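Just below is one structure, and these are the notes that go with it.
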Amino acid sequence: MLKACLNGGVLRHEHPAVPITPAEVAADAVRCETAGAAAVHVHPRDEEGRETLAAEAVDATVAALRRACPELPVGVSTGAWMAPDPGERVAAIESWRVLPDFASVNAHEEGAERVAAALHARGIGVEAGLWTPAAVAAYQAWRVPCLRLLLECMEPEEERALANAHAMLDALGSDPPVLLHAEGPAVWAVLREAMRLGLHARVGLEDTRTMPDGTMAPDNRALVEAALTFGRTPGSAE
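For the sequence shown, the positions run 0 to 237 when numbering that gives the first Met the number 0 is used.
Given below as structure tokens:
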């Protein structure tokens, strides 16, 4: 499964094609679904373009996605940078009226299991975001079932990112399905490794603004197409 991560916290001046409004996110999701993406991950924005967990923004964004691509699974973030207090994150989740299919929770953040439990209680699939082997250990103490594990390699250097990926995989043992991805310069090397290992992967402007050859990506659809072509390139997944 290749997921398209459409926007993250990327601002318009960082890339002109990043989708911000619900209408832009929905139109971009349609393009990515047509290109072959099997799911999308989005960060709803407020009227000033800031990431938010507020019901008004989450409801509007998820509803727009449901109308535009009703069969496409939709996920959102619950990152603590949007609401540092765990109680505030839980209250936001409980206020959502249009529910995503899944949401990511970073295991290293304060109150992560409580946030995951709030999602699970509402029937929203939990993706545990794991950045380090220590985060893997924190997740393994959870009592909340997870839909998927997101192994997120934040090291910018390829070799260190891949080493981090394997350290986390070694620590996991038998667990839910894994999606492996990176951010920045290591994106394409880690995506290749995910394909080699038969794991889920993701790509989009949240993670990288460059194509495999280092040129600027025109938009999310181009990144999805490149990732799928990249996976079929002889030797890329050997």
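C-beta: ideal position from N, C-alpha, C; glycine also. Here the structure is a predicted model, which means the values were calculated and not measured.
Residues in its own chain within less than 7 Å of residue i by CB, not counting five upstream and five downstream?
| i | result |
| --- | --- |
| A82 | L52, R88 and A91 |
| L129 | A106, V135, Y138, L148, L149, L150, E151 and M167 |
| V29 | A67 and C68 |
So, is residue i buried or exposed, given that buried needs 16 or more other C-beta atoms within 10 angstroms?
| i | result |
| --- | --- |
| G7 | buried |
| T247 | In this structure the chain extends from 0 to 237, so residue 247 is not present and cannot be described. |
| D218 | buried |
| R201 | buried |
| R44 | buried |
| D206 | buried |
| W187 | buried |
| D27 | buried |
Any idea what DSSP makes of residue i, helix, strand or coil?
| i | result |
| --- | --- |
| A28 | helix |
| L150 | strand |
| H40 | strand |
| L129 | strand |
| A62 | helix |
| G253 | The chain is shown only over 0 to 237; residue 253 falls outside these bounds and no answer can be derived. |
Thinking residue i and residue j are a contact (beta carbons under 8 Å), I'd like their distance in whole angstroms, please.
| i | j | result |
| --- | --- | --- |
| E192 | L161 | 6 Å |
| H14 | L204 | 6 Å |
| R220 | C4 | Between C4 and R220 the Cβ distance is about 13 Å, and since that is not below 8 Å, they are no contact. |
| G124 | L146 | 3 Å |
Quick one: residues in its chain with C-beta nearer than 6 Å to the C-beta of residue i, no 5 flanking neighbours on either side, listed in chain order?
| i | result |
| --- | --- |
| S94 | A54 |
| A16 | D218 |
| A34 | R220, V223 and E224 |
Apart from the five residues just before and just after residue i, which ones in its own chain have a Cβ nearer than 8 Å to its Cβ?
| i | result |
| --- | --- |
| D58 | W95, R96 and V97 |
Check: How about the region 60 to 76 and the region 110 to 117: do they share at least three Cβ pairs that are nearer than 8 Å?
Finding: No, the region 60 to 76 is not in contact with the region 110 to 117.
Notebook entry, point to check: Are the region 165 to 174 and the region 208 to 217 touching, with three or more C-beta to C-beta distances below 8 Å?
Noted result: Output reads no: the region 208 to 217 does not touch the region 165 to 174.
Notebook entry, point to check: Can at least three beta-carbon pairs, one atom from the region 113 to 133 and one from the region 56 to 64, be found at a separation below 8 Å?
Noted result: No, the region 113 to 133 does not touch the region 56 to 64.
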